[in-house]
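Here's the structure, in structure tokens; my notes come after.
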Amino acid sequence: MSSGETQIPDSSENDSNASGGILATVVPDAIRRNFALKFGIVLFIMALSVGLVGLAATEQVKNYTEQQVLSDYENAAAQEADILSQWVDRNRLSTQFVSSNDIWASSDTDDIDIELNNRKAALSADAADIHLVERNAAQSQVVASTSNSQVLTNSPLESTSRAWLTGTNFETASDVVVSDVYQTNSGPVVGFVSPVDASQNRYILIEYSLDEIANSLQGNNRAEGGFTQVVNGSAVVMIDEPRDGSRGLGGNMLQSYSENSRANEPISEANDLRSSEQQSGVTADMPAADVLSERYTVGYAPIQGTDWVVLVHAPNSAVFGFVQNVQQYGLIGTALMVLLIAGVGAILGYNTATSIDRLTRKTDQMRQGNLDIDIATSRIDNIGRLYSGFADMRDALKEQINEAERAQKEAEVSRAEALEVNKYLQKKAEEFSDVMEETAAGNLTERMATDGENESMDRIASEFNGMVDELEKTIGQLNSFADEVAESGDVVLSSAESVRDASEQVAESTQKISDDAYDQKDRLATISEDLDTLVDTLEELEADNPDIDLGDSLERFRTVATTLQSAAETSDQMMAETQTVAGAAEEQAAELNEVSSRAEQLKRYAKPLGDILNRFETEAEHEFVFSGGPSQSLGEEEEE
2 MSSGETQIPD SSENDSNASG GILATVVPDA IRRNFALKFG IVLFIMALSV
52 GLVGLAATEQ VKNYTEQQVL SDYENAAAQE ADILSQWVDR NRLSTQFVSS
102 NDIWASSDTD DIDIELNNRK AALSADAADI HLVERNAAQS QVVASTSNSQ
152 VLTNSPLEST SRAWLTGTNF ETASDVVVSD VYQTNSGPVV GFVSPVDASQ
202 NRYILIEYSL DEIANSLQGN NRAEGGFTQV VNGSAVVMID EPRDGSRGLG
252 GNMLQSYSEN SRANEPISEA NDLRSSEQQS GVTADMPAAD VLSERYTVGY
302 APIQGTDWVV LVHAPNSAVF GFVQNVQQYG LIGTALMVLL IAGVGAILGY
352 NTATSIDRLT RKTDQMRQGN LDIDIATSRI DNIGRLYSGF ADMRDALKEQ
402 INEAERAQKE AEVSRAEALE VNKYLQKKAE EFSDVMEETA AGNLTERMAT
452 DGENESMDRI ASEFNGMVDE LEKTIGQLNS FADEVAESGD VVLSSAESVR
502 DASEQVAEST QKISDDAYDQ KDRLATISED LDTLVDTLEE LEADNPDIDL
552 GDSLERFRTV ATTLQSAAET SDQMMAETQT VAGAAEEQAA ELNEVSSRAE
602 QLKRYAKPLG DILNRFETEA EHEFVFSGGP SQSLGEEEEE
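If you want our numbering, it's the position in the sequence shown, counting the first as 1, plus 1.
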């Protein structure tokens, strides 16, 4: 990666570092140092986790399958109860329909017999016989019947299996009463009795055989050793399905279902379902030995319209055989998965640990300085790339060592050169230091020598020498300037005093001239007035004496008067100009006083500057003389 590139931290690496830091505080160092041990522990945890997950999943599948099987038997009981309920409802309706015929109240037995046979032929095949029964206070007997037994028609019902009919009560004329199963010459039957509408003391009794309905029971088909029974509220078997899978009825007809109260619990539970929305139920793991020789499962459901209960039985070995197979296969699969993980993990861990241990030994030899060791493997996975990486690192390390050795030799040469350069620089620094000390002390004549050995030092010397040359020139100029200032100050001060004295004399002379001009003006004015008077007198005289001719004399008098008048005016102008010159001289004198004051200050400031500059030693050729200083200017003025 180049120096300009920015390395982006890997979030997964940060996460692994965080998790590794947590594990480092928990896992002992002895385990952390041994990869094979760590891998074995991780492998054991994985196998244990897979085993636990497999056991949990197997148990869950087993429970689910058990629930499904139990639900199937619950539904089977409900289905068979529904079939029996439909069978009862159908026979009930048939009995009610047959009893509604008015012929049953007739006394003509031949017509009744014919009608009974006709009715029987119209009924279903399981209708065994139809009887017209008459019941009175003394006894009840069969008036007519489709049966060929003469004993039945001549004997009272109380002496037969139909004695149950004598105690039967009907709420309405259309009511139908269903009996329990009883034996007849035709075999076990169920009687359906309904009163005749026209005669309340006569009844139609239709007996239905159980062979056909028994063949519809499917308990034996659902599981090997399974069977279905129908029992009444007194726990007497009404219908028994053969256990050997044959058709017809079993040998437990009209016998007690079980002497075990635990086995009779499904009967009472089914009766409780008559008043609820639930149609059926199931009970697993029943232990009654007089029902089945092994533990069994029973589904139960009430038959509506009767007090009968359908019980669907099956041995647990048959019911839960699939469940046990699922559990067994799940356990076997879990064990195989654990063994597979352990085997594959052991092989992989052994190979990985062996490769890592071999690489660790090689890296230890590298750490001890052996860089000629062979680091190679036939693996092309991450371990193989790790070998390649270490090999590259070994080669790079050897190259770096070689470069370091070369660099060390070069560094030694450079160090010797640096020492020589350092000595040279120290020597030159001492020489430069001496020169700078002399310069700092005020000797500006010293210079740093250049020898061409070191460009930087020569450049420093040249720049320093140039700087001192400029400083020397500047100091010389300042020194000359300070002397010139002091000299010029004296000249300016002397010149200013001379000019000031001259200005004062000019002012006095001008004042005197002004005074003389004033006096002359007065005299001229007086003479001019006298001449004017004289001219006026002469003019009057000439006017009064025509004979007197003054001629040019009078004109000359007038000219002289005019001239005197002009002279007087000129005196006024000269007096004004003289006063102006006197004012200017006084102002110049005041200015010269200011110049003298500033010249004295300049001399005071120039003397300390000269004292300081005199401390510096400079070459005479660098002294500077101003070509246009004050003294020279004043000298030129004096010459002029």
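Where is the CB? At the ideal position from N, CA and C, for every residue including glycine. Keep in mind the model is a prediction, meaning the values are calculated, not measured.
(Q) Given this structure, state the Cα-to-Cα distance separating T446 from S463, to the nearest angstrom. (A) Between the alpha carbons of T446 and S463 lies a gap of roughly 14 Å.
Q: For G300, count neighbouring C-beta atoms within 10 Å of its own C-beta (all shown protein chains included) and say buried if the count is 16 or more, exposed if not.
A: Here G300 is buried: its Cβ has 16 or more other Cβ atoms, across all protein chains shown, within 10 Å.
Q: Check E530 in the structure and name its three-state DSSP category.
A: helix
**Q.** Selected residue, minimal CA-CA separation from L332, among F45, V51 and I46
**A.** For L332, the closest alpha carbon among the candidates F45, V51 and I46 is that of V51.
Q. Short check: CB of N202 to CB of E135, under 8 Å?
A. yes
**Q.** Buried or exposed by the 16-neighbour rule on C-beta atoms within 10 Å, applied to K429
**A.** buried
Q.
Assuming the contact rule is C-beta atoms closer than 8 Å, A48 and V339 should be a hit. Round their C-beta distance to whole Å, please.
A. 5 Å
Q.
I believe V191 touches S180 by the beta-carbon criterion, under 8 Å. Please report the beta-carbon distance rounded to the nearest angstrom.
A. 6 Å
Q. To which residues does DSSP link G192 through a beta bridge?
A. E208
Q) How many angstroms separate the CA atom of D533 from the CA atom of A526? A) Distance from the CA atom of D533 to the CA atom of A526, rounded to whole angstroms, is 10 Å.
Q.
How far does the beta strand (DSSP E) with E266 in it extend, from its first residue to its last?
A. No beta strand (DSSP E) holds E266; the alpha helix (DSSP H) holding it covers S262 to D273.
Q: Have a look at T563 and D573 and give me their C-alpha separation to the nearest angstrom.
A: 16 Å
(Q) Looking only at its chain, what residues have a beta carbon closer than 6 Å to the beta carbon of G234, apart from the 5 residues adjacent to it on each side? (A) For G234, where only same-chain residues beyond five positions count, the Cβ hits under 6 Å are D308.
Q: Go ahead and pull the three-state DSSP assignment for S457.
A: helix
**Q.** Own chain residues within Cβ distance below 7 Å of M239, not counting five before or after
**A.** D181, V182, V231, V232, N233 and W309
Q: Using only alpha-carbon positions, find the residue among E601, D83, A106 and L293 that is nearest to A225.
A: In the sequence as presented, Ala is not what sits at residue 225; that position holds Glu. For the residues E601, D83, A106 and L293, the minimum Cα distance to E225 belongs to L293.
Q) To the nearest whole angstrom, what separates the beta carbons of V283 and T298, a pair I think is in contact under 8 Å? A) 7 Å
Q. Cβ atoms of Y209 and D90: under 8 Å apart, would you say?
A. no
**Q.** Own chain, CB closer than 6 Å to F391, minus 5 neighbours either side, in chain order
**A.** I376
Q.
Quick check on P547: buried or exposed, where buried means 16 or more other Cβ atoms within 10 Å of its Cβ?
A. exposed
**Q.** Start and end residues, alpha helix (DSSP H) containing L124
**A.** No alpha helix (DSSP H) holds L124; DSSP gives it neither H nor E.
Q) How would you call T96, buried or exposed, if buried means at least 16 neighbouring beta carbons within 10 angstroms? A) buried
Q. With 16 other CB atoms within 10 Å as the buried threshold, where does A129 fall?
A. Under a 10 Å Cβ-count criterion, A129 is classified as buried, with 16 or more other Cβ atoms of the shown protein chains found around its own Cβ.
Q) Which residues share a DSSP beta bridge with L312? A) Q230 and Y301
Q.
So the candidates are T581, V320, L206 and E413; which of them puts its Cα closest to the Cα of Q69?
A. V320
Q | Test item: CB-CB of S318 and P196 under 8 Å | A | no
Q. What is the DSSP secondary structure of L340, counted as helix, strand or coil?
A. helix
**Q.** Alpha carbon of G334 to alpha carbon of L53, nearest angstrom
**A.** 12 Å
Q. What residues in its chain sit with their C-beta under 8 Å from that of N265, if we drop five residues either side in the sequence?
A. A236, Y258 and S259
Q. Roughly how many angstroms separate the alpha carbons of D103 and S86, rounded to a whole number?
A. 29 Å
**Q.** Exposed unless 16 or more other CB atoms sit within 10 angstroms - verdict on P189
**A.** buried
**Q.** Nearest-angstrom Cα separation, counted from T364 out to L398
**A.** 12 Å
**Q.** Limits of the alpha helix (DSSP H) - the one that A450 falls within
**A.** Where A450 is concerned, there is no enclosing alpha helix (DSSP H), given that its DSSP letter is neither H nor E.
Q. Thinking C-alpha only, which one of E570, E540 and Q305 is nearest E556?
A. E540
Q | Secondary structure of E242, DSSP reduced to three states | A | coil
Q) Is DSSP giving G334 helix, strand or coil here? A) helix
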